[in-house]
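Asks: In mature numbering (1 follows the signal peptide of the UniProt record, and there is no 0), the protein residues as written are -19 to -1, 1 to 115.
No residue lacks a Cβ here, since even glycine has one placed at the ideal position from N, Cα and C.
Below is the structure I would like to discuss, written out as structure tokens.
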């Protein structure tokens, strides 16, 4: 079972790069963003815990958020059940309690683990969540 999970994670990691936004798509989503931000987001420099990544997330909020959302969506499409694709609007980093409590949220409750996995970028963030009281 552990090997099977590892293969799925590796496959998802490889395929995630195929679903990322292009510079043109980022520019359409974030027309007021500086070209520098578009380039850095496209290069994947908004991710991680480094000071550089944290600074980019603040300065280049739109393009970093758009790229992050796209990564989560791509992950949910790959890892989630195909017959549950109608749940994709709820697969995101900032999904609210109101959205989860909606009719769609109740229909999609089986996808919660997929959303959590994808929103966490396939990392175990249990310690961080416990530290923050989540």
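1) Quick check on DSSP: helix, strand or coil for residue 80?
2) In or out: residue 108 buried (at least 16 other Cβ within 10 Å) or exposed?
3) Between the stretch 47 to 62 and the stretch 87 to 100, can you find at least three pairs of beta-carbon atoms closer than 8 angstroms?
4) Should the stretch 50 to 58 be called in touch with the stretch 78 to 90, which here means at least 3 C-beta pairs below 8 angstroms?
5) Is it a yes or a no for the stretch 17 to 29 touching the stretch 65 to 83, going by three-plus beta-carbon pairs under 8 angstroms?
6) For the alpha helix (DSSP H) containing residue 44, list its first residue and its last residue.
7) What residue from 114, 113 and 12 has the CA that sits closest to residue 41's CA?
8) Locate the alpha helix (DSSP H) running through residue 22, then write down its first and last residues.
Replies: The structure says:
1) helix
2) exposed
3) yes
4) no
5) no
6) 42 to 60
7) 12
8) 16 to 23
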